[in-house]
Amino acid sequence: MNIQLLNNIATAWSVGAIVLASAGIVVKSENLFKASVIICVVSVVVTLLTNP
3 MNIQLLNNIA
13 TAWSVGAIVL
23 ASAGIVVKSE
33 NLFKASVIIC
43 VVSVVVTLLT
53 NP
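Written out as structure tokens, the structure reads:
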């Protein structure tokens with residue numbers, strides 16, 4: 003697996019998680035917000051692991 007590709011995917015996930023969190027706040031969906039937080043945490047971990 004290409005490190006740069008993983009990094010790009012993690013960045014895209016972070017952006018997606020922010021969008022999901024915003025949507026969760028707008029529609030007042032706690033599950034949507036929790037899911038976006040989990041995605042964001044995972045993407046940050048992946049980014050940290052793939053950046054030497």
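Using my numbering, the letters of the sequence shown map in sequence onto residues 3 to 54. Note that the Cβ used here is the ideal one computed from N, Cα and C, for glycine as well. Values in this document were obtained by computation on a predicted structure and should not be read as measured data.
Helix, strand or coil at N9 [DSSP, three-state]: Position 7 of the sequence shown holds residue 9. DSSP places N9 in helix when its eight states are reduced to three.
task: Below 8 Å on the Cβ atoms is my guess for V48 versus L8; work out the distance and round it to an integer in Å.
output: Here the question's residue 48 lines up with position 46 in the sequence shown. Here the question's residue 8 lines up with position 6 in the sequence shown. About 6 Å separates the two Cβ atoms, so the contact holds.
8 Å Cβ shell around I27 - same chain, five flanking residues per side excluded: Counting from 1 along the sequence shown, the entry for residue 27 is found at position 25. Contacts found: F35.
query: Leaving out the 5 sequence neighbours to the left and right, which residues in its chain are closer than 8 Å to V46 when beta-carbon positions are compared?
result: Residue numbering aside, residue 46 sits at position 44 when the sequence shown is read from its first letter. Closer than 8 Å at the Cβ level, and outside the excluded window around V46, lie A12 and S16.
message: Using a 10 Å radius around the Cβ and a threshold of 16 neighbouring Cβ atoms, would you call S38 buried or exposed?
response: Residue numbering aside, residue 38 sits at position 36 when the sequence shown is read from its first letter. Burial call: buried.
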